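Going line by line, the protein sequences match chains H and F.
If you count the first sequence from 1, position 41 lands on 41 in the UniProt record's numbering, and the numbers rise without skipping.
If you count the second sequence from 1, position 58 lands on 58 in the UniProt record's numbering, and the numbers rise without skipping.
Every residue gets a Cβ at the ideal spot worked out from N, C-alpha and C, and that includes glycine.
Everything numeric in this text was worked out from a predicted model, so none of it was measured.
2 protein chains.
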Amino acid sequence: MARSSLYQQVAAEVRRAIYTGDLAPGDQIPTETDLMEMHGVSRNTVRLALGELENEGLILRMRRRGTFVRERRPLLMRPQDEFLPLDQSEPRFDSFVHAVTSEGRRADQNIEVSIVKPPEDVSIRLALGDDSLAVVRRRLRFVDGQPYNTYDSYFPLDLVGDSEIARPGDIKRGANRVLAELGHHQVRAVDDISARMPTPDEALQLQLEPGTPVVVYVRVGYDSEDTPVRVAVSVLPADKHLIRYELERH
Amino acid sequence: MARSSLYQQVAAEVRRAIYTGDLAPGDQIPTETDLMEMHGVSRNTVRLALGELENEGLILRMRRRGTFVRERRPLLMRPQDEFLPLDQSEPRFDSFVHAVTSEGRRADQNIEVSIVKPPEDVSIRLALGDDSLAVVRRRLRFVDGQPYNTYDSYFPLDLVGDSEIARPGDIKRGANRVLAELGHHQVRAVDDISARMPTPDEALQLQLEPGTPVVVYVRVGYDSEDTPVRVAVSVLPADKHLIRYELERH
């Protein structure tokens, strides 16, 4: 490895303290002045070092309060919950609400319903023609009042245009139940999981700190004729979510 | 939103061109000089703008060749493949090799075998005592000669110390098969998926560009007594991997 610059050396020492646990999650990092004295370097060098650690998602700079080791307390998401046999899934109409409330935290969501020409990747997954429209139910979800993730469900307009799904507001029994009543019970799903850096809009909406990637989770639901009837796109800030699947050999 | 600075305005225009597809994956971005003229700004402003886009993972700066829109051609990983009924999984001893070769690309891996005191989170998942050791088989995997991901499998030393698993080199029929022969056939697995920015070591080993998060995929395998017998940790650069699960309602 090439010889590292002064600021990289300072960053490496703080990083090591975090990885070894000498600095624990939530601990305050020494002040800029302290770091200048400890390492015999300039303020600018300290700032470059802290900037690097911030971009790695290791520390959090809080205005007027100081700099802290980031806490990781991810929400456990279980995508299979929504896919339990129908009788078992009855009481769990929303797995996000279930996951949050079972941790003793408070869940809220804003829902916006609109009719749109969906993004190309959603159109393809729904096997829609070029000019076909979709109903989208966009949710911004909150935990204890903080924006936490987004969850947008797309449905072919032809399928759901006359149903509650196309009307504003929450559907207490869940949109999946309405789809089933319309004759499109989902029997199969394909889940795609990837990650990337957030778009500026996402960073703003979800109040993301620098150095926070997002996990993008896309579910396509198919009915018994193998027609795609729903595409759900979730954007999950990576520092706050853990996705878990359980597999059994049958 | 606060009024954005000059470099943010330049970044926003290039970003928009990428999101709308005016600049497609692999396309060259206008040179610094072109961008200075197009926007009537200084070289420093252009560099700040490009730095921001690079940190978002949208562009790739290649020495002496110019700056390009990043290509996304992710490898499709199917964690369930390894968990097919035993008779079906027979020919597919390594799902990474299968995924790569089925795309017509070349897969290679380096394997290092050692006996270690595992990291705390692995110890906990393997339900090991404080001083218990594990055999770790560390793989660095390549696609078409480029480092692609890492895959480290931990096994309790007590369980596998006398077997091939503890000896150097590849195991043609797969370590899972050896575990089954030792009486620890895995019948259940728990998969945890999260994402974060890479550590400097990971960035170096996997030759990551700035603005590239990693997906961390951890599988714990349990035998029929519900004893954890294997923990596999994969570090997957987010720009190169897509994880897919398929669910069916039984």
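Task: Residue from H/P156, H/Y148, H/R105 and H/R141 with nearest C-alpha to H/D130 - done: H/P156
Open item on the list: Please report the distance separating the alpha-carbon of H/A24 from that of H/T67.
Closed with: When rounded, the distance between both Cα atoms is 13 Å.
Task: Inter-residue Cα distance where the pair is H/P30 and H/G57 - done: 17 Å
Task: Inter-residue spacing [alpha-carbon to alpha-carbon] between H/L159 and F/Q109 - done: 48 Å
TODO: Would you mind reading off the limits of the alpha helix (DSSP H) that contains F/A24?
DONE: Unbroken run through F/A24: none, as it is neither H nor E.
Task: Neighbourhood of F/G145 by C-beta, 6 Å cutoff - its chain only, sequence neighbours within 5 removed - done: none
Task: CA-to-CA distance, F/D226 to H/V136, given in whole angstroms - done: 42 Å
Open item on the list: How far does the beta strand (DSSP E) with F/I115 in it extend, from its first residue to its last?
Closed with: A107 to V116
Task: 3-residue-minimum beta strand (DSSP E) runs that sit fully inside the region 129–168 of chain F, ordered along the chain - done: Fully contained in the region 129–168 of chain F are the following beta strand (DSSP E) runs of length 3 or more, in chain order: 134–143 and 146–156.
TODO: Can you give me, in chain order, the residues of the region 178–198 of chain H that have a beta carbon less than 9 Å from any beta carbon in chain F?
DONE: H185, Q186, V187, R188, A189, V190, D191, D192, I193, S194, A195, R196, M197 and P198
Task: F/G211 and F/N55 closer than 8 Å at C-beta - done: yes
Task: Contact list for H/R64 against chain F, beta-carbon separation under 9 Å - done: Going along chain F, no residue has its Cβ under 9 Å from H/R64, so there is no contact; the nearest lies around 18 Å.
TODO: Quick one: residues in its chain with C-beta nearer than 6 Å to the C-beta of H/A17, no 5 flanking neighbours on either side, listed in chain order?
DONE: L23
Task: Whether F/Y154 touches F/R230 by CB criterion (8 Å) - done: yes
Open item on the list: Just to confirm the assignment, what range does the alpha helix (DSSP H) spanning H/F96 have?
Closed with: S95 to T101
Open item on the list: Short of 7 Å in beta carbon distance, which residues of its chain neighbour H/D170, apart from the five on each side in sequence? Order them along the chain.
Closed with: I111
TODO: Below 7 Å between beta carbons is the criterion; list the residues of the region 146–158 of chain H that meet it against any residue of chain F, in chain order.
DONE: Within the region 146–158 of chain H, not one residue has a Cβ closer than 7 Å to any Cβ of chain F.
TODO: Find out if the Cβ-Cβ distance for the pair F/R15, F/E32 is shorter than 8 Å.
DONE: no
Task: Start-to-end residues for the beta strand (DSSP E) that takes in H/G66 - done: G66 to V69
Open item on the list: Against chain H, with Cβ distances strictly below 8 Å, would F/I29 count as a contact?
Closed with: Cβ-Cβ to chain H under 8 Å: no for F/I29.
- [ ] Please state if the CB of F/P79 and the CB of F/H241 are separated by a distance shorter than 8 Å.
- [x] no
Task: Proximity of F/Y222 and F/V187 at Cβ, strictly below 8 Å - done: Contact: yes.
TODO: Kindly indicate which three-state DSSP category H/G218 falls into: helix, strand or coil?
DONE: First, the amino acid is wrong: residue 218 of chain H is Val here, not Gly. Shown here, H/V218 sits in a strand according to DSSP, grouped into three states.
- [ ] Compare the beta carbon distance of H/V190 and H/V220 with 8 Å and say whether it is the shorter of the two.
- [x] yes
- [ ] Quick one: measure Cβ to Cβ for H/R138 and H/D121, integer angstroms, because I've assumed they're closer than 8 Å.
- [x] That pair is no contact at about 16 Å.
TODO: Below 8 Å on the Cβ atoms is my guess for H/A49 versus F/R196; work out the distance and round it to an integer in Å.
DONE: The beta-carbon distance between H/A49 and F/R196, rounded to whole angstroms, is 19 Å. This is too long to meet the 8 Å contact definition.
TODO: Indicate whether F/P198 and F/V214 have their beta-carbon atoms separated by less than 8 Å.
DONE: yes
Task: 8 Å Cβ cutoff, H/P213 in contact with chain F - done: yes
Open item on the list: For the ligand ATP, I want to know if H/T33 counts as a neighbour, meaning its beta carbon is within less than 7 Å of at least one of the ligand's heavy atoms.
Closed with: Absent from the structure shown: the ligand ATP. Ligands present: none.
Open item on the list: Measuring only the C-alpha atoms, how far is F/E103 from F/H184?
Closed with: 33 Å
- [ ] Could you check how far apart the C-beta atoms of H/L35 and H/V69 are, in whole angstroms? I think they sit under 8 Å.
- [x] Contact flag wrong, Cβ pair sits at about 14 Å.
Open item on the list: Does any residue of chain H have a CB that is nearer than 8 Å to the CB of F/E103?
Closed with: no
TODO: Check the Cβ of H/K244 against every Cβ in chain F and list those closer than 9 Å, keeping chain order.
DONE: It is Arg, not Lys, that sits at residue 244 of chain H in the sequence shown. Ordered by position in chain F, the residues that pass the 9 Å Cβ test against H/R244 are V190, D191, D192 and I193.
TODO: Return the residue from the list F/L6, F/R61, F/Y19 and F/I59 that minimises the CA-CA distance to F/G40.
DONE: F/L6
Open item on the list: For H/M38, report the span of its alpha helix (DSSP H) as first-last.
Closed with: Note, H/M38: alpha helix (DSSP H), E32 to H39.
Open item on the list: Here's the rule: buried if 16 or more other CB atoms are within 10 angstroms of the residue's CB, otherwise exposed. What is H/A127?
Closed with: exposed
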